[in-house]
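Visitor:
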Amino acid sequence: MLVWLMRPVVFFILLLQPWCAMALLSAEASSSAVNEHVQFLEDPDGRYTIETVRKPDDHWVPQGQKAFNQGYSDSTWWLHLQLENPADASTLRYLELGYAVLDYVDVWVYDSGKLLDSYQMGDKRVFAERPIEHRFFVVPLHFPPGATLDIYYRIKTSTSVQAPLTLWQRDAFENRENQANIAQGLYYGAMFVIAIYNFLIFIVVGERSYLYYVVVVVSLPLFIASLSGQAYHYIWPNAVGWNDHSIPFFLALTFGSSALFTRRFLQVREWSRVLNIGLTGIAVAAFSTALLSFVSPYRLSIHVLVPLGLFACLFEMLVGVMSWYKGVNNARFYVIAWLFFLGGGVLLALNKLSILPTNFITEYAVQIGSVLEAVLLSFAMAERINVERKLRFAAQDEALQVTRRLNGELEQRVRERTLELEKLNSRLEEMSNTDQLTKLKNRRYMENVMQKEWARCMRYKRDFAILMLDVDFFKRVNDEYGHPAGDACLKLVAERVNDCIRWPSDQLARYGGEEFCLILPETGAEGARVVAERIRKAVAANPIETDSATFNVTVSIGVCVGVPPQGGSVEAMLKSSDLALYQSKENGRNRVTLYRQDQLGNVAHLSMGRASKE
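Printed below as a string of structure tokens:
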């Protein structure tokens, strides 16, 4: 979406550029270079004054057709030129020194030996001291009719000593500036839009290559603005100290962030260790120079950055070509974008060498190239997002399918494991509720069931019977035949008692030792007695046969039966059945004793079975 929103902006910029070029060319028709009128004088020690250089002297050297350019020099340089007004009327002209980064520029204007004006300018001085607020050093020349003006320049700077001079008509100068401001505004606006665009993408996707490129897109225009004097004019007009440092700082920042962007965007780490180290080294050197630019002289920083920048550009182009050869995604866009930028730099250099004429294309070649580069790379990175998004969606879809399959397998395993656990828990619960010797339910299980059945019979006013059984003289069995025989005896007794149960609701359990408990829900006194007698006879009818002995045993049974009373407890009824059991023991064993409990909880002795003699 952002790509489509940015395209109309870029298209508008490209449409306006030819119009701006025509306007600037028409403005240049009303200007003239005056370099052929310039004479220069070197002042190695900086001891000359304006009075000294105005004396007749043959040390002045004609400049010729080319603009004055002495490169880096520690000398002070004086320039002199004469300009005439052949007209009969006064006129105003603007004399422009078109190099913005000179430290000190002093100007004197004389008419027939009389001082008309003097100005002190330079980027080591506050911008407001300039006679005309302009990024270059512009002085107004008021020509009287037929006058000849002598103009003297004194230049002292740590930067390159350049002084291209142009004489402008006022209207042409102002028109040129308006159109140049439009062109520069379009350039800075486009770079700002591109920077915001890539920064938003960085916030959304979190890919560091976009952040590196934002630094490139921001630092490059700031470098151009510093070098052209526009930053000193519009951004920091009072920051005299910072103005000198800004040029090497932003240039170094551009080189360093461009190297990091190249390394990340072309994924150099994945296919070339040597090139990755090279790009990292460029970034480290550039960022170190950026920091040192605050304390080192301007000339030293520039002398480091110029070869570093040349090497960085060639090296990054080489990396781009090799990545294209290796089939890296979007490498071709990178190379084409770099060609636009380098092409702009070549055009500007050819213009400064007077090989190409000065026009809109050559004057703003770097800006045009950088905008085209930024647009192409932004599109390339946007396309990369789309490709990565498609790959990510495909990977996510594949991962989703795998996840679904794994989840299905996991769910199946969980179900199987759950079933196993349920079976295990059921088995454990069964084991916890079962007597291991007799395989009957144990006392804990019986007490829980007894409470439930008691409560149910109490709710519905139904009879409830509890039978307590005890093997007679069981200690004697253990003493005479041994404990294994005793265990076998208990198992056989349990089987015979269990065979006498008729209804599923009847529950039998080993209550402890040789004692058993049987509950008969919804069973009255007669039914309970019948069951008790059946059990007593079943146990006594046949001898107990073990591996070591054969012997007879009997059981004594205590029964308590009745409707559970409100406010009563099953423990009380259980105690009554236990008392009935003791009663059977006292009365000779091998018998049944039955207690009847009324609804008030009172217990009455109903009957007593007698021992069978059969």
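Heads up, the sequence shown is in the working numbering, so the first residue is -1 and it goes up one at a time.
Every residue, glycine too, gets a C-beta built ideally from N, C-alpha and C.
1. Find the nearest neighbour of Gln265 within the set Asn585, Ala310 and Trp322, judged by alpha-carbon distance.
2. Scan the region 145 to 193 and note each continuous alpha helix (DSSP H) run of 4 residues or more that stays entirely inside, going in chain order.
3. What is the DSSP secondary structure of Asp115, counted as helix, strand or coil?
4. By alpha-carbon positions, which one of Ser503, Glu512, Gln167 and Ala250 ends up nearest to Glu520?
5. Helix, strand or coil: which one does DSSP assign to Met20?
6. Quickly, what does DSSP pair Leu79 with across the bridge? List them, please.
7. Might you give, ordered along the chain, the residues of its own chain that have their beta carbon closer than 8 Å to the beta carbon of Gln449, omitting 5 neighbours on each side?
8. Name, in chain order, the residues that DSSP records as bridge partners for Gly560.
9. Kindly indicate which three-state DSSP category Arg508 falls into: helix, strand or coil?
10. Return the chain-ordered list of same chain residues with a C-beta closer than 6 Å to the C-beta of Asp433, the five sequence neighbours on each side being excluded.
11. Which residue wins for smallest C-alpha separation from Gly120, given the options Val107, His140 and Arg152?
12. From the DSSP output, in three-state form, read off Leu100 for me.
13. Considering Cα atoms alone, identify which of Thr544, Val475 and Leu465 is closest to Leu579.
14. Taking the beta carbon of Ile275 as the centre, do at least 16 other beta carbons fall within 10 Å, making it buried, or is it exposed?
15. In the DSSP assignment, what are the bridge partners of Phe514?
16. Among residues of its own chain, excluding the 5 on either side of Arg168, which ones have a beta-carbon nearer than 6 Å to its beta-carbon?
17. State yes or no: is the C-beta of Asp461 within less than 8 Å of the C-beta of Gly522?
18. Measuring only the C-alpha atoms, how far is Leu308 from Gln399?
19. Going by DSSP, what residues sit across from Ala137 in a beta bridge?
20. Is the CB-CB distance between Glu148 and His57 below 8 Å?
21. Let me make sure I understand the geometry here. Which of Thr260, Ala229, Lys154 and Glu445 has the alpha-carbon closest to that of Thr74?
22. I'd like to know whether the C-beta atoms of Phe473 and Thr436 end up nearer to each other than 8 Å.
23. Leaving out five residues before and five after Ala27 in sequence, what residues of the same chain have Cβ atoms less than 6 Å from its Cβ?
24. Which whole-angstrom value describes the C-beta separation of Val105 and Tyr117, a residue pair presumed to lie in contact below a C-beta threshold of 8 Å?
25. Could you say which of Phe38, Val282 and Arg403 lies nearest to Val51 if we only look at CA atoms?
26. Going by other Cβ atoms of all chains shown within 10 Å of its Cβ, with 16 needed for buried, is Phe292 buried or exposed?
27. Could you check which residue in Leu516, Gly510 and Gly254 has the C-alpha nearest to that of Trp501?
28. The beta strand (DSSP E) with Leu435 in it runs from where to where?
29. Since Asn588 and Thr552 should fall inside the 8 Å C-beta cutoff, what is the C-beta to C-beta distance between them, to a whole number of angstroms?
30. Closest by CA to Ala66, which one among Glu40, Ser430, Leu572 and Ser255?
31. Within this structure, are the beta carbons of Ser224 and Ile194 separated by less than 8 Å?
32. Say whether chain D places a C-beta atom closer than 8 Å to the C-beta of Val124.
33. What distance in whole Å lies between the Cβ atoms of Val495 and Gly484, which are believed to be in contact at a cut-off of 8 Å?
34. Comparing the CB of Glu49 with every heavy atom of the ligand MN, is any distance shorter than 7 Å?
35. Helix, strand or coil, according to DSSP, for Thr552 in the structure here?
36. Would Gln410 be called buried (16 or more neighbouring beta carbons within 10 Å of its own) or exposed?
Guide: The answer reads as follows:
1. Nearest option by C-alpha distance: Trp322.
2. none
3. strand
4. Ser503
5. Any answer about Met20 is weak, because its pLDDT of 37 lies below 50 and its placement is not dependable; what the coordinates show is given next. Three-state result, Met20: helix.
6. Ile149
7. Val568
8. Phe462 and Gln595
9. strand
10. Asn440 and Arg508
11. Ranking Val107, His140 and Arg152 by Cα distance to Gly120 puts Arg152 first.
12. In the three-state reduction of the DSSP assignment, Leu100 falls in the coil class.
13. The option with the nearest alpha carbon to Leu579 is Leu465.
14. exposed
15. Leu467 and Arg508
16. These residues qualify, in order along the chain: Leu90.
17. yes
18. Taking the straight line from one Cα to the other gives about 51 Å.
19. Here residue 137 is Val; the residue named in the question, Ala, does not match the sequence. Per DSSP, Leu93.
20. With the sequence shown as reference, residue 148 is identified as Asp, and Glu is not the correct amino acid for it. Contact: no.
21. Lys154
22. For the sequence presented, residue 473 should be read as Lys rather than Phe. One thing to note: Lys473 has its Cβ no nearer than 8 Å to the Cβ of Thr436.
23. Only weak support exists for where Ala27 lies, its pLDDT of 41 falling under 50; the coordinates are left without a value.
24. Correct: roughly 4 Å between the Cβ atoms.
25. Phe38
26. exposed
27. Leu516
28. It is not in any beta strand (DSSP E) - Leu435 carries neither H nor E in the DSSP assignment.
29. 4 Å
30. First, the amino acid is wrong: residue 66 is Phe here, not Ala. Taking only the C-alpha atoms, the option nearest Phe66 is Glu40.
31. no
32. This model lacks chain D altogether, as it is built from one protein chain only.
33. Actually they are not in contact, since the Cβ atoms of Gly484 and Val495 sit about 16 Å apart, beyond 8 Å.
34. Annotation note on the ligand MN: not contained in the displayed structure, which lists no ligands.
35. coil
36. Exposed.
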